[in-house]
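> Here you go, one structure.
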Amino acid sequence: MRNPLALAVRAFRSLLPPGWSGDRAPYGSGLLSLNTIAGIQVTADKALGYHPIWRAVNLLAGDTARTPLLMYRRDQRGKVEATNHPAYRLLRYRPNPRQSANTWRQMAMGHALLRGNAYSYIERDQFAAPVALWPLDPVLCRPIIIDGTNTGAAMLPSGVLALEYQSQSRGTQYIPMENILHIAGLGYDGLQGYDVLSYLGNTMGYGLAAQSYSERFFSQSATPRGVLQTDGTMDEEARKNLGISWRESYGGLANAHKVAVLEGGLKFQAISFNARDSQMLEVLQENIVSVANIFGIPASMLGKQTGSVYSTLEANLQSYLAGALEVWLTAWEMECREKLLTEQEKRDDSIVVEFERSKIVVLTMTERANYLKTGLANHPWLTVDEARASLGLNPIPGDI
Numbered sequence: 006m007r008n009p010l011a012l013a014v015r016a017f018r019s020l021l022p023p024g025w026s027g028d029r030a031p032y033g034s035g036l037l038s039l040n041t042i043a044g045i046q047v048t049a050d051k052a053l054g055y056h057p058i059w060r061a062v063n064l065l066a067g068d069t070a071r072t073p074l075l076m077y078r079r080d081q082r083g084k085v086e087a088t089n090h091p092a093y094r095l096l097r098y099r100p101n102p103r104q105s106a107n108t109w110r111q112m113a114m115g116h117a118l119l120r121g122n123a124y125s126y127i128e129r130d131q132f133a134a135p136v137a138l139w140p141l142d143p144v145l146c147r148p149i150i151i152d153g154t155n156t157g158a159a160m161l162p163s164g165v166l167a168l169e170y171q172s173q174s175r176g177t178q179y180i181p182m183e184n185i186l187h188i189a190g191l192g193y194d195g196l197q198g199y200d201v202l203s204y205l206g207n208t209m210g211y212g213l214a215a216q217s218y219s220e221r222f223f224s225q226s227a228t229p230r231g232v233l234q235t236d237g238t239m240d241e242e243a244r245k246n247l248g249i250s251w252r253e254s255y256g257g258l259a260n261a262h263k264v265a266v267l268e269g270g271l272k273f274q275a276i277s278f279n280a281r282d283s284q285m286l287e288v289l290q291e292n293i294v295s296v297a298n299i300f301g302i303p304a305s306m307l308g309k310q311t312g313s314v315y316s317t318l319e320a321n322l323q324s325y326l327a328g329a330l331e332v333w334l335t336a337w338e339m340e341c342r343e344k345l346l347t348e349q350e351k352r353d354d355s356i357v358v359e360f361e362r363s364k365i366v367v368l369t370m371t372e373r374a375n376y377l378k379t380g381l382a383n384h385p386w387l388t389v390d391e392a393r394a395s396l397g398l399n400p401i402p403g404d405i
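In structure tokens, the structure reads:
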């Protein structure tokens with residue numbers, strides 16, 4: 006009897022045109038169209054327009070992307086890079102013909118951070134070995150458990166975990182999750198991560214509203230507001246024209262501090278500067294803390310002005326590496342192990358999937374020298390050639 010999961014996989018693969026790179030919905034669509042308490046409609050596009058969110062996403066996505074994701078094979082000496090494993094080149098260099106590993110991981114992390122989930126279809130050959138990883142738009146995806154009522158999922162047995170993929174060009178398809186690389190954030194049901202913007206839209210909307218207010222404030226030259234007064238009367242058209250003329254002549258930063266010439270008995274009466282206006286920058290700074298808490302990143306790394314000394318900044322960096330970033334690196338490693346290794350490799354624990362974390366921290370030359378000196382000291386845990394390799398140098402001639 007033929008395996009129904011294998012049949013479903015082949016059926017899905019047969020629908021993929023050559024060079025397929027996945028359907029794509031607009032980045033900000035399908036996620037949220039929420040008028041928040043602050044009166045701002047939050048979408049992924051608008052959220053990324055708020056600089057602390059852009060910085061947080063770019064920081065985590067960029068660090069995940071630039072850190073090599075490698076596969077190792079265990080042997081008597083410990084472990085060596087498993088360069089002959091089918092998934093090695095996918096994770097290290099090119100997951101599919103259209104993307105580098107760096108671009109793919111950065112994009113996937115953006116999906117996971119804002120939408121709570123990142124999905125990639127694992128294309129396999131006739132021996133079930135992975136040959137490509139194709140990104141899927143998370144807007145079009147929903148993990149479900151097949152229960153017999155899912156139209157179009159007849160090939161999958163009841164109880165199987167599958168991805169409901171709403172293809173824009175080929176209709177709804179159901180793909181066994183064993184062929185989906187799924188990077189998920191915090192979730193409730195174990196099937197998918199929470200949509201961050203949906204749950205925290207009001208917090209982000211508050212920051213967007215403060216930023217929008219600040220932009221309008223400064224676009225009007227950040228000068229006190231006021232009214233034009235006259236002892237006479239003016240009809241509606243005259244008042245409208247006067248307002249337009251005044252804004253064109255004295256509004257905006259380009260006209261800041263320009264001397265106004267008033268005629269016809271006009272007088273300018275300034276409106277007192279509201280203390281809340283002067284506190285807007287403080288509001289923007291404090292909202293950075295809110296965004297930092299959402300992503301688990303120290304606020305100073307998102308632009309919060311703290312006046313921290315070097316020791317504090319170093320502690321914040323360590324907190325970021327060991328906290329926010331490490332959570333995601335571990336999620337990637339566990340999912341890649343589960344979906345890209347054979348059952349035999351997992352049972353034997355013969356293949357290890359790991360990020361090369363040493364590439365994340367950039368040491369000064371003094372720190373690097375002290376590190377190597379310690380490693381080569383009386384009870385060395387580094388060889389001379391290993392130390393040279395960490396500096397990008399070849400082994401000493403004659404050692405190989």
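Everything in the sequence shown is counted per the working numbering, starting at 6 for the first residue and increasing by one.
Heads up, the beta-carbon is just placed ideally off N, CA and C, and yes, glycines get one too.
On a predicted model such as this, the values are computed, not experimentally measured, just so you know.
Let me know the secondary structure DSSP gives W386 once reduced to three states.
Position 381 of the sequence shown, counted from the first residue, corresponds to residue 386. DSSP, reduced to helix, strand and coil, places W386 outside both helices and strands of the structure shown, so it counts as coil.
> In whole angstroms, what separates the C-alpha of G67 from that of A394?
Your numbering for residue 67 matches position 62 in the sequence shown. Your numbering for residue 394 matches position 389 in the sequence shown. Cα-Cα distance, rounded: 25 angstroms.
> Using DSSP bridges, identify the partner residues of S172.
For the purposes of this step, residue 172 is taken as the residue at position 167 of the sequence shown. According to DSSP, which records beta bridges pairwise, S172 is partnered with G176.
> Specify the secondary structure class of R393 as computed by DSSP and reduced to three states.
As a first step, residue 393 must be located in the sequence shown, where it is residue number 388. If DSSP states are grouped into helix, strand and coil, R393 belongs with the helices.
> Would you verify that the beta carbon of L74 is, or is not, closer than 7 angstroms to some beta carbon of chain C?
As a matter of chain content, chain C is missing from the structure shown, which is built from one protein chain.
> Output yes or no for whether 7 angstroms exceeds the beta carbon distance between L75 and E361.
In the sequence shown, the residue the question calls residue 75 occupies position 70. In the sequence shown, the residue the question calls residue 361 occupies position 356. Against a cut-off of 7 angstroms, the Cβ pair of E361 and L75 comes out as a contact.
> Measuring CB to CB, does C146 end up less than 7 angstroms from Y179?
Residue 146 sits at position 141 when you count from the first residue of the sequence shown. Residue 179 sits at position 174 when you count from the first residue of the sequence shown. The answer is no: Cβ separation not under 7 angstroms.
> Starting from the N-terminal side, write out each stretch of the alpha helix (DSSP H) that is 4 residues or longer and does not extend beyond the region 78 to 104.
93 to 97
> To which residues does DSSP link F360 through a beta bridge?
In the sequence shown, counting from the first residue as 1, residue 360 sits at position 355. According to DSSP, which records beta bridges pairwise, F360 is partnered with L74.
> Residues in its own chain within less than 8 angstroms of S324 by CB, not counting five upstream and five downstream?
Indexing the sequence shown from 1 puts residue 324 at position 319. Closer than 8 angstroms at Cβ, skipping near neighbours: P303.
> Beta-carbon separation of R110 and A137 under 7 angstroms?
Here residue 110 is taken as the residue at index 105 of the sequence shown, counted from 1. Here residue 137 is taken as the residue at index 132 of the sequence shown, counted from 1. No, they are not a contact pair.
> For V296, count neighbouring C-beta atoms within 10 Å of its own C-beta (all shown protein chains included) and say buried if the count is 16 or more, exposed if not.
In the sequence shown, residue 296 corresponds to position 291, counting from 1. Under a 10 Å Cβ-count criterion, V296 is classified as buried, with 16 or more other Cβ atoms of the shown protein chains found around its own Cβ.
> Grouping DSSP H, G and I as helix and E and B as strand, with all else coil, what is A329?
Reading the sequence shown from its first residue, position 324 is the one you call residue 329. Helix.
> Identify, in the order they occur along the chain, each residue of the same chain with its Cβ nearer than 7 angstroms to the Cβ of Q112, setting aside the five sequence neighbours on each side.
On the sequence shown, position 107 is the one that residue 112 refers to. As written in the sequence, residue 112 is Met, which differs from the Gln given in the question. Annotation for M112: P140 place their beta carbon closer than 7 angstroms to its own, counting only its chain and skipping 5 residues before and after.
> Buried or exposed: where does G153 fall if 16 or more other Cβ atoms within 10 Å of its Cβ makes it buried?
Taking the first residue of the sequence shown as position 1, residue 153 is located at position 148. G153 is exposed by the Cβ-count criterion.
> So is M339 buried or exposed if we call it buried at 16+ other beta carbons inside 10 Å?
The residue you call residue 339 lines up with position 334 of the sequence shown. Exposed is the call here.
> Taking 8 angstroms as the limit between beta carbons, can you name the residues of its chain near S105, skipping five residues before and five after?
Looking up residue 105 in the sequence shown gives position 100. Excluding residues within five positions, the ones whose Cβ falls inside 8 angstroms are Y98 and R99.
> Looking only at its own chain, which residues have a Cβ that is under 6 angstroms from the Cβ of Y93, when we skip the five neighbours before and after it?
Translated into the one-based positions of the sequence shown, residue 93 becomes position 88. Taken in chain order, the residues that qualify are M76 and A87.
> Could you work out which residue in M160, V294 and S355 is closest to Q81 when comparing CA atoms only?
Translated into positions along the sequence shown, residue 81 becomes position 76. The residue from M160, V294 and S355 with its alpha-carbon nearest to that of Q81 is S355.
> Skipping 5 residues on each side, what residues in its chain have a beta carbon closer than 6 angstroms to that of L196?
Position 191 of the sequence shown, counted from the start, is the residue given in the question as residue 196. Cβ within range, chain order: P148.
> Where K378 and E183 are concerned, what is the direct C-alpha to C-alpha distance, given to the nearest angstrom?
As a working mapping, residue 378 is identified with position 373 in the sequence shown. As a working mapping, residue 183 is identified with position 178 in the sequence shown. Using only the alpha carbons, I get a separation of about 46 angstroms.
> When the Cα atoms are used, what is the spatial distance from L347 to T388?
Position 342 of the sequence shown, counted from the start, is the residue given in the question as residue 347. Position 383 of the sequence shown, counted from the start, is the residue given in the question as residue 388. One detail in the question is off: residue 347 reads as Thr in this sequence, not Leu. Between T347 and T388, the C-alpha separation is close to 34 angstroms.
> Do P143 and Y126 have their CB atoms nearer than 7 angstroms?
Against the sequence shown, residue 143 aligns to sequence position 138. Against the sequence shown, residue 126 aligns to sequence position 121. Not closer than 7 angstroms, so no.
> Determine the DSSP secondary structure at N107, reduced to helix, strand or coil.
For this step, residue 107 is matched to residue 102 along the sequence shown. Helix.
> Is DSSP giving A137 helix, strand or coil here?
The residue labelled residue 137 in the question sits at position 132 within the sequence shown. Strand, per DSSP.
> When we look at the beta-carbon of V358 and count the other beta-carbons within 10 Å, is it buried (16 or more) or exposed?
As a first step, residue 358 is located in the sequence shown; it is residue number 353 there, counting from the start. Looking at its Cβ environment, which holds 16 or more other Cβ atoms inside 10 Å, V358 is buried.
> Less than 7 angstroms between the beta carbons of V135 and L345, yes or no?
Taking the first residue of the sequence shown as position 1, residue 135 is located at position 130. Taking the first residue of the sequence shown as position 1, residue 345 is located at position 340. The amino acid occupying residue 135 in the given sequence is Pro; Val does not appear at that position. Yes. Within cutoff.
> Straight-line CA distance for R60 to F132?
As a first step, residue 60 must be located in the sequence shown, where it is residue number 55. As a first step, residue 132 must be located in the sequence shown, where it is residue number 127. The straight-line gap from Cα to Cα measures roughly 42 angstroms.
> Taking E319 as the reference, give the member of V332, S305 and A329 with the closest Cα.
As a working mapping, residue 319 is identified with position 314 in the sequence shown. Comparing Cα-Cα distances from E319 to each of V332, S305 and A329, the minimum goes to S305.
> Rounded to whole angstroms, what's the CA-CA distance from I188 to P402? Just pull it up for me.
Locating residue 188 in the sequence shown gives position 183, counting from the first residue. Locating residue 402 in the sequence shown gives position 397, counting from the first residue. Answer to the nearest angstrom: the Cα atoms are 44 angstroms apart.
> What distance in whole Å lies between the Cβ atoms of G164 and I185, which are believed to be in contact at a cut-off of 8 angstroms?
As a working mapping, residue 185 is identified with position 180 in the sequence shown. As a working mapping, residue 164 is identified with position 159 in the sequence shown. The Cβ separation is near 17 angstroms, so there is no contact.
> So, at 6 angstroms on beta carbons, what are the nonlocal neighbours of L330 in its own chain, with the 5 sequence-adjacent residues on each side left out?
Along the sequence shown, one-based indexing puts residue 330 at 325. Same-chain partners within the cutoff: D68.
> For Y55, does the count of other Cβ atoms within 10 angstroms reach 16, so buried, or fall short, so exposed?
Translated into the one-based positions of the sequence shown, residue 55 becomes position 50. The residue in question, Y55, is buried, as its Cβ has 16 or more Cβ neighbours within 10 Å.
> Looking at the structure shown, is S125 part of a helix, part of a strand, or coil, going by DSSP?
Residue 125 sits at position 120 when you count from the first residue of the sequence shown. If DSSP states are grouped into helix, strand and coil, S125 belongs with the strands.
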